[in-house]
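One structure is given below, encoded as structure tokens.
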Amino acid sequence: MKSQFNINELPINELAALGIYRENQLLLEPGEISSLLSGRRTTLISLHELKGQGFSIERLDARLSLHRANSGAVELLIHPIYKHPRAHPLLNEQEMSVLISGDRAFIAKSVEREEGRSTMYNIEYDKITRDFVGYDVSKVQAPERVNGMLLSEEEKSAFQRGELIQLTDGTKLQHRASEPKGMISDRKALVLSVLLDGGISYLLLQGIRALGEDSQQIDHRTPAFNAALSEMEGDKPASKREISAGEIQAPPLARGLGR
């Protein structure tokens with residue numbers, strides 16, 4: 086939800102080398118741009134005619150993400166589909182096994198960042214690419230409201246930790262760093278209210294994946310959702326801004342979307 090990167094920080098040369106930026110146009114769908122800027126992985130993107138020193142690849146299907154180096158520079162990461170799951174340095178064999186099997190959604194680790202200071206680090210398994218996704222829990226932004234319902238501090242903290250939360254109307258949702266939408270839910274669409282640029286902004290999240298492979302999603306058009314959507318569409322003072330995942334307007338350098 087929260088943008089960890091500014092669109093002006095995009096590594097244009099790296100994107101151009103992959104064939105997804107040319108003639109001042111970023112050839113990605115708005116939803117993919119949103120995932121990148123939010124620090125998440127895109128969906129699978131087909132990259133064509135990749136060339137480098139000593140290699141040439143006609144086609145590569147991969148997910149993309151951004152990473153900020155210690156120098157502050159933003160780098161583009163390519164996550165191809167691996168033949169076998171890749172090991173993670175913070176996980177033992179048993180931990181990797183329960184993530185790969187789906188018995189656990191994530192493994193939480195305490196990681197020392199500075200001397201005497203540590204942070205919680207969650208690790209998930211990306212079934213698409215067969216590798217692991219890790220993230221700093223403290224950098225996850227929880228919504229202030231979901232479908233107009235205010236989240237308590239404990240609910241926001243639980244969301245950051247990757248735990249399943251259930252709202253008063255029964256709606257369930259859970260943060261997922263490996264998901265392009267940033268979460269999974271028993272509803273296909275949610276209206277979120279988030280703190281952005283010093284004010285409250287609306288986020289209409291559509292096409293959310295189910296809580297599990299065998300889980301059924303129920304009708305998202307609840308009274309709370311309808312009321313929140315009406316407020317978003319009908320009450321837009323200057324201090325508020327509507328953002329719709331999949332409908333984000335790119336700046337001039339990224340217009341002409343679609344590939």
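According to the working numbering, the sequence shown is numbered sequentially starting from 86.
Ideal placement from N, C-alpha and C gives every residue a C-beta, glycine not left out.
For residue i: DSSP bridge partner residues
{"i": "ASN207", "result": "ALA193, TYR220"}
{"i": "PRO174", "result": "Paired residue(s): none; PRO174 is not in a bridge."}
{"i": "PRO115", "result": "Paired residues: none, contrary to the question."}
{"i": "ALA147", "result": "ILE130, PRO165"}
{"i": "ALA309", "result": "Partner(s): none; ALA309 has no beta bridge."}
{"i": "GLN291", "result": "ALA274"}
{"i": "LYS136", "result": "SER141"}
{"i": "LYS257", "result": "GLN251"}
Residue burial classification, residue i (beta-carbon count within 10 angstroms, cutoff 16)
{"i": "GLN301", "result": "exposed"}
{"i": "LEU162", "result": "exposed"}
{"i": "ALA323", "result": "Bear in mind that a pLDDT of 33 at ALA323, under 50, signals an unreliable position, so the number given afterwards is only what the model happens to contain. The residue in question, ALA323, is exposed, as its Cβ has fewer than 16 Cβ neighbours within 10 Å."}
{"i": "PRO265", "result": "buried"}
{"i": "ALA101", "result": "exposed"}
{"i": "SER424", "result": "This structure gives no information on residue 424, because the portion of the chain shown stretches from 86 to 344."}
{"i": "GLU209", "result": "buried"}
{"i": "PRO228", "result": "buried"}
{"i": "ARG171", "result": "exposed"}
{"i": "TYR167", "result": "exposed"}
{"i": "ALA309", "result": "buried"}
{"i": "ILE142", "result": "exposed"}
{"i": "ASP211", "result": "buried"}
{"i": "PHE140", "result": "exposed"}
{"i": "ALA262", "result": "buried"}
{"i": "LEU235", "result": "exposed"}
{"i": "SER315", "result": "exposed"}
{"i": "ARG202", "result": "exposed"}
Sequence-distant residues of its chain with Cβ nearer than 6 Å to residue i (five each side left out)
{"i": "GLY247", "result": "PHE191, ASN207, HIS260"}
{"i": "LEU95", "result": "none"}
{"i": "HIS305", "result": "ARG272, LYS273, ALA274"}
{"i": "GLU134", "result": "none"}
{"i": "GLY124", "result": "GLN89"}
{"i": "THR307", "result": "ASP254"}
{"i": "ARG189", "result": "VAL183"}
Expected contact under 8 Å - CB spacing of residue i and residue j to nearest Å
{"i": "LEU145", "j": "PRO165", "result": "6 Å"}
{"i": "ILE250", "j": "ALA274", "result": "Not a contact, Cβ separation roughly 17 Å."}
{"i": "LEU121", "j": "THR128", "result": "Not confirmed; about 11 Å, so no contact."}
{"i": "GLY233", "j": "ALA295", "result": "The pair is not a contact, with the Cβ atoms about 22 Å apart (cut-off 8 Å)."}
{"i": "VAL231", "j": "LEU277", "result": "6 Å"}
{"i": "THR204", "j": "SER223", "result": "6 Å"}
{"i": "SER270", "j": "LEU258", "result": "4 Å"}
{"i": "HIS152", "j": "GLU160", "result": "5 Å"}
Contacts around residue i, its chain only, beta-carbon distance under 8 Å, and the 5 residues preceding and following it disregarded
{"i": "SER131", "result": "ARG144, LEU145, ASP146"}
{"i": "ASP299", "result": "none"}
Other residues of its chain near residue i: CB distance less than 7 Å, five sequence neighbours each side excluded
{"i": "TYR106", "result": "ILE97, LEU100, LEU112"}
Query raised in the report: Do three or more CB pairs link the region 193-201 to the region 210-217 at distances below 8 Å?
Result: no
Query raised in the report: Any chance the region 107-119 sits against the region 171-183, with 3 or more Cβ pairs inside 8 Å?
Result: no
Query raised in the report: Should the region 266-285 be regarded as contacting the region 153-161, the criterion being three or more beta carbon pairs within less than 8 Å?
Result: no
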